[in-house]
Amino acid sequence: MSYILTASFFFADGPVSVGMSMDIASIDTISEINMDYTATIFLRQRWTDERLCFDGNKSLSLDGRLVEMLWVPDTFIVDSKKSFLHDVTVENRLIRIYPNGTVLYAIRITTTVSCSMDLTKYPMDKQTCTLQLESWGYNINDVMFYWTRGNDSVRGLDTLQLAQYTVEDHFTSVSEAVYETGRYPKLVFHFELKRNILYFILETYVPSILLVVLSWVSFWISQSSVPARICIGVTTVLTMTTLMMGARTSLPNANCFIKAIDVYLGICFSFIFGALLEYAVTHFCTLHQLSSKELPKIESLRTAPWGAERSREQPHNTSASWDSLTCVVRKEKWHVHNVLSCSEIKLILNNR
3 MSYILTASFF
13 FADGPVSVGM
23 SMDIASIDTI
33 SEINMDYTAT
43 IFLRQRWTDE
53 RLCFDGNKSL
63 SLDGRLVEML
73 WVPDTFIVDS
83 KKSFLHDVTV
93 ENRLIRIYPN
103 GTVLYAIRIT
113 TTVSCSMDLT
123 KYPMDKQTCT
133 LQLESWGYNI
143 NDVMFYWTRG
153 NDSVRGLDTL
163 QLAQYTVEDH
173 FTSVSEAVYE
183 TGRYPKLVFH
193 FELKRNILYF
203 ILETYVPSIL
213 LVVLSWVSFW
223 ISQSSVPARI
233 CIGVTTVLTM
243 TTLMMGARTS
253 LPNANCFIKA
263 IDVYLGICFS
273 FIFGALLEYA
283 VTHFCTLHQL
293 SSKELPKIES
303 LRTAPWGAER
313 SREQPHNTSA
323 SWDSLTCVVR
333 KEKWHVHNVL
343 SCSEIKLILN
353 NR
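Read in order, the letters of the sequence shown are residues 3 to 354 in the working numbering.
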């Protein structure tokens, strides 16, 4: 009882060894925008306090409210943005004392931890995140941290089912944190996340490939079908632009470096825009070439004797004259009727 009332603890015999282990209950979210992840963990700490030895061969479980009356390590999570201890229906913490004075302190917490990500290879990237545990006030002369079972001290990752990631590897390490106030014990848990590419294949890569193929379909459409080719070109360009914007919605807006998906979508956009630009250049060059080479032949048809007679028969029917002119051109099998419509021939002659 005197121990509980005074709550005193002295490190006269050297630093107290505190062993730790964790169970990862879930990794709820991994955010590229905020560069963090949220996880729910069961943290267990063990140490020996000889003043708590008692006779018997069974452990003694105490109410969690007695934690305030015992010495416990002041462990905290480094780089944690926010954390909370679960308290439904009661505070999720356990104190268990063994006859030899060993104390087991277990808590269930949910924490959001910062994780710096390199998105250069996105979405074919791998990210390495850490969970670091340190002592807040006790330095290495007072407390020493260690993993109770080495790399097997952290369990639960093998059974996790994440939406966009797969846990490829994980390991633990022991180090020290050096500050102006001293050197403090630190435990680090590393885990490597590989992004699942299937989602991006279905949502980004396959649609972009189909858009490029669709833009190339215009090469098989007649050159005189201007509305059809322009419609395909403009539609694919706008759709590709929307796809590029959608691919960046899950990324931080401040990210100014180029990612792998930016390069890929940029190449696809170049192919689509190039197909539209190719038709514009080809159509312009064709009009320019025909206006310089075929126009004399069209003018000769216009001034031919049969053309004059046709004009005298229907002096006020301009459209009929042009229809007969087109028919004559087709009978002559000139190349012009495969490229120019009647309205385009009118435009060329009027510009002369």
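The beta-carbon is built from N, C-alpha and C at its ideal position, and this holds for glycine as well.
Element boundaries [beta strand (DSSP E), containing residue i]
i      : result
MET22  : 18–33
LEU62  : 62–64
CYS233 : Here CYS233 belongs to no beta strand (DSSP E); instead the alpha helix (DSSP H) covers 228–248.
TYR107 : 104–116
ILE79  : 77–80
GLU178 : 167–181
MET71  : That residue, MET71, is in no beta strand (DSSP E); it is neither H nor E in DSSP.
THR132 : 128–137
GLN163 : It is not in any beta strand (DSSP E) - GLN163 carries neither H nor E in the DSSP assignment.
GLN47  : 38–50
ILE97  : 95–99
TRP149 : 145–149
LYS196 : 184–197
Chain-order list of residues whose beta-carbon lies under 8 Å from that of residue i (same chain, five-residue window excluded)
i      : result
ASN102 : THR50, CYS55
THR174 : TRP149, GLY152, ASN153, SER155, VAL156, LEU189, VAL190, PHE191, HIS192
LEU267 : THR206, SER210, MET242, LEU245, MET246, ALA249
TRP222 : none
SER252 : GLU34, ILE35
LEU204 : none
VAL69  : ARG95, ILE97, TYR107
Close Cβ partners of residue i (< 7 Å) along its chain, the five nearest in sequence each way excluded
i      : result
TYR148 : SER19, GLY21, VAL176
ILE274 : LEU213, VAL214, SER217, THR238, VAL239, MET242
SER116 : MET37, ASP38, ASP81, LYS83
THR130 : HIS192, GLU194
Contact under 7 Å by Cβ, residue i with residue j
i      : j      : result
SER220 : ILE211 : no
PHE86  : THR112 : yes
ASP38  : SER137 : no
SER61  : TYR100 : yes
TYR281 : ARG231 : yes
VAL80  : GLN134 : yes
ARG110 : SER63  : no
SER28  : THR42  : yes
ARG53  : LEU106 : no
Residue i, enclosing alpha helix (DSSP H) - first and last residue
i      : result
LEU362 : The shown model of the chain, from 3 to 354, leaves out residue 362, and the question about it has no answer.
Burial state of residue i (16 or more Cβ within 10 Å)
i      : result
GLY16  : exposed
SER217 : buried
ARG95  : buried
ALA165 : exposed
GLU182 : exposed
PRO187 : buried
TYR201 : exposed
VAL208 : exposed
VAL331 : Bear in mind that a pLDDT of 45 at VAL331, under 50, signals an unreliable position, so the number given afterwards is only what the model happens to contain. With 16 or more other Cβ atoms within 10 Å, it is buried.
THR114 : buried
PHE271 : buried
LEU278 : buried
VAL283 : exposed
ILE32  : buried
VAL265 : exposed
VAL145 : buried
THR161 : exposed
Of the listed residues the options, nearest to residue i (C-alpha basis)
i      : options                        : result
SER82  : THR40, LEU204, PRO75           : THR40
GLU170 : LEU204, PRO187, SER23, ASP127  : ASP127
LEU73  : TYR207, LYS84, VAL80, THR104   : One point to set straight first is that residue 73 is Trp, not Leu, in the sequence displayed. Of the listed residues, the one whose Cα sits closest to TRP73 is THR104.
SER118 : ASN36, SER272, SER252          : ASN36
GLN163 : ASP30, LEU267, ASP65           : ASP30
LYS196 : THR42, TYR167, ASN141          : TYR167
PHE193 : ASP89, PRO209, ASP154          : ASP154
GLU178 : ILE199, ASN143, ASN198         : ASN143
GLU34  : CYS270, LEU121, LEU106         : LEU121
GLY158 : THR284, LEU45, LEU279          : LEU45
ARG185 : PRO229, ILE199, TYR140, VAL208 : TYR140
ILE199 : PHE286, SER294, ILE263         : ILE263
GLU287 : GLN225, ILE269, VAL265, VAL236 : For the sequence presented, residue 287 should be read as Cys rather than Glu. Out of GLN225, ILE269, VAL265, VAL236, GLN225 has the C-alpha closest to the C-alpha of CYS287.
GLY276 : VAL145, GLY58, VAL236, ILE32   : VAL236
THR132 : ASP160, MET146, HIS172         : HIS172
LEU289 : ILE260, VAL228, PRO254, VAL180 : VAL228
Own chain residues within Cβ distance below 6 Å of residue i, not counting five before or after
i      : result
ASP25  : PHE44, ARG157, GLY158
GLU93  : GLY66
HIS88  : ASN94, ARG110
ALA108 : ARG46, LEU96
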